[in-house]
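Residue 98 in numbering that gives the first Met the number 0 is what sits at position 99 of the sequence shown, and the numbering runs on without skipping anything.
Every residue gets a Cβ at the ideal spot worked out from N, C-alpha and C, and that includes glycine.
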Amino acid sequence: MERIFVFIDRFNEALSRLASWLLVALVLTLAYEVASRYLFGRPTLWSYDLSYMLTSAALVLSMAHVLQRNEHVRVDILPHLLPPRWAAALEALLYISLLLPFFYLLLSVMPGHVLYSWQVKERYTAGTWLPPIYPFKTWVLLGMVLLALQALVQFARALRSALRRTQ
C-alpha cells in the first residue's frame, strides 16, 4: 500500500513542478500585455482571460502536492496540545468527516459538467475573444481528482499513525 502512496506523492510533486512553469508563461503574457498597452497603445483582447486560466491551472494542479507536504493554510491549535497519536486520530476524523465527503459531492457532479462542456464546445462568454472554457474545466476536474486522491493518502497515513502502537 505504501508504494501506491509514494507513487501518488511523486506524481503530484512532478505535476506541481511542471505546473509551476505555467507561472513563467503568465509573467510573459502579462509583460506582453503591459508592453502592448503602454508602449504601443494596443491592448490585447486575450491577456486577461489567458492570465486567469494560467493562474488557475498552476494553482489547481499544485494543490495536491501542497496538501502532501502539509504546506496549506490550517488552524492547528488543538493538535499541538494533543499527544501525536491523538493528533493523528483527530486529523483522520477531520479528513473522513469533512474533506472526503466534500470531494465525493464535488466529484459526483463535476465530470458530467465537464463532459457537457466538451460536447457543446463551450466558450467563455464574459471575455472579449470567447475562448474555449472546456480545457479550463478539465484541468480543474483533474486537479480536484488528484487532490482527492492525495486526501485519501493523507487520511490513510493519519489513521495508520493513530492506530500504531507505541513501543
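- Taking all protein chains shown into account, L60 has 16 or more neighbouring C-beta atoms within 10 Å of its C-beta and is therefore buried.
- Comparing C-alpha distances from Q153 to each of K120, A161 and A91 shows the shortest one belongs to A91.
- DSSP, read as helix, strand or coil, puts R122 in strand.
- Sequence-distant partners of S19 (beyond 5 residues in either direction) whose C-beta falls short of 8 angstroms from its own C-beta, in its chain, are A57 and S61.
- The criterion of a C-beta distance shorter than 8 angstroms is satisfied by F102 and A150.
- Cβ contact annotation for T43 (same chain, cutoff 8 angstroms, sequence separation greater than five): Y31, E32, S35 and R36, in chain order.
- Only residues of its own chain outside the window of five on either side were considered, and among them K136, T137 and L140 have a CB closer than 6 angstroms to the CB of V113, listed in chain order.
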